[in-house]
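Enquirer:
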Amino acid sequence: MSGLVIWITGLPGSGKSTIAEGVKSSFPECVVLRMDELRKILTPQPTYSETERETVYRAIVYMAKTLSELGHHVIIDATGNLKRWRELARRFIPRYMEVYLKCSLKTCMEREALRLNSHGAPRDIYKKGLFGHPVPGLSAPYEEPDNPEVLIEIDNMSQEAAIAAVTKATARRTNQK
4 MSGLVIWITG
14 LPGSGKSTIA
24 EGVKSSFPEC
34 VVLRMDELRK
44 ILTPQPTYSE
54 TERETVYRAI
64 VYMAKTLSEL
74 GHHVIIDATG
84 NLKRWRELAR
94 RFIPRYMEVY
104 LKCSLKTCME
114 REALRLNSHG
124 APRDIYKKGL
134 FGHPVPGLSA
144 PYEEPDNPEV
154 LIEIDNMSQE
164 AAIAAVTKAT
174 ARRTNQK
């Protein structure tokens with residue numbers, strides 16, 4: 004049986020990496036694919052152009068699909084700012100679950116400025132976005148999911164409660180209690 008693929012999407016600073024790590028602590032067999040780490044390998048000097056984004060998002064979908072086919076559960080920790088990338092995963096991965104961390108831009112900007120562990124993400128991204136660097140939700144589009152399997156309104160929920168909600172949904176989808 005193929006493994007479950009969970010795509011945790013949301014604006015930069017919404018808590019994707021924190022939630023991914025929290026879920027992984029309950030499911031240690033999960034493989035976490037971090038876009039920020041993949042990007043360092045595929046594009047060591049990223050430009051964040053549309054062409055580059057297309058390449059790295061298609062690569063992460065392919066890796067998740069392959070790992071899933073081998074029976075691994077996978078967590079994709081990636082903004083996935085355009086619906087077409089998340090829909091690509093949904094189309095090609097039989098056991099797919101989208102988790103949307105809905106978070107206000109203001110909260111994301113505050114969190115990103117204060118975070119100590121960036122989990123490999125570039126620092127000061129919103130500050131750079133104010134000067135023209137393409138940042139989803141600020142100077143680049145972020146297309147909200149239409150029907151995510153899990154919607155977490157992160158502004159109104161603690162990280163612990165968010166992790167618990169995603170962990171519970173994951174347990175249901177993987178038939179674990």
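Sequence positions in the sequence shown follow the numbering used here and run 4 to 180.
Note that CB positions come from ideal geometry on N, CA and C, so glycine has one too.
1. Buried or exposed: where does Gln71 fall if 16 or more other Cβ atoms within 10 Å of its Cβ makes it buried?
2. With a 10 Å radius around its C-beta and 16 neighbouring C-beta atoms as the bar for buried, classify Tyr60 as buried or exposed.
3. Per DSSP, which one or two residues make a beta bridge with Lys105?
4. So which of Pro97, Asp158, Glu115, Arg93 has the shortest CA-CA distance to Ser20?
5. Check Thr82 in the structure and name its three-state DSSP category.
6. Quick one: what's Thr12 bridged to in DSSP?
7. Sorted by chain position, which residues of the same chain lie with C-beta nearer than 7 Å to Leu154's C-beta, five sequence neighbours on each side aside?
8. One question on the structure: do Glu147 and Met100 come within less than 8 Å of each other, judged by their Cβ atoms?
9. Over what stretch of residues does the alpha helix (DSSP H) that includes Leu70 continue unbroken?
10. What is the rounded straight-line gap between the Cα of Glu24 and the Cα of Ala172?
11. List the endpoints of the continuous alpha helix (DSSP H) containing Leu7.
12. Out of Arg93, Ile166, Val64, Leu117, point me to the one whose CA is closest to Arg37's CA.
Expert: Straight from the coordinates:
1. According to the sequence as given, residue 71 is Ser; it is not Gln. Of the residues assessed, Ser71 falls on the buried side of the cut-off, its CB having 16 or more other CB atoms within 10 angstroms.
2. Buried, by the Cβ-count rule.
3. Under DSSP, the beta-bridge partners assigned to Lys105 are Glu156.
4. Nearest option by C-alpha distance: Glu115.
5. Coil, per DSSP.
6. According to DSSP, which records beta bridges pairwise, Thr12 is partnered with Tyr103.
7. Cβ neighbours of Leu154 within its own chain (closer than 7 Å, five residues either side excluded): Tyr103, Lys105.
8. In this structure, Met100 does not lie closer than 8 Å to Glu147 by Cβ.
9. First-last of the alpha helix (DSSP H) with Leu70: 53 to 72.
10. Rounded to the nearest angstrom, the two C-alpha atoms are 15 Å apart.
11. Where Leu7 is concerned, there is no enclosing alpha helix (DSSP H), given that its DSSP letter is neither H nor E.
12. Closest by alpha carbon: Val64.
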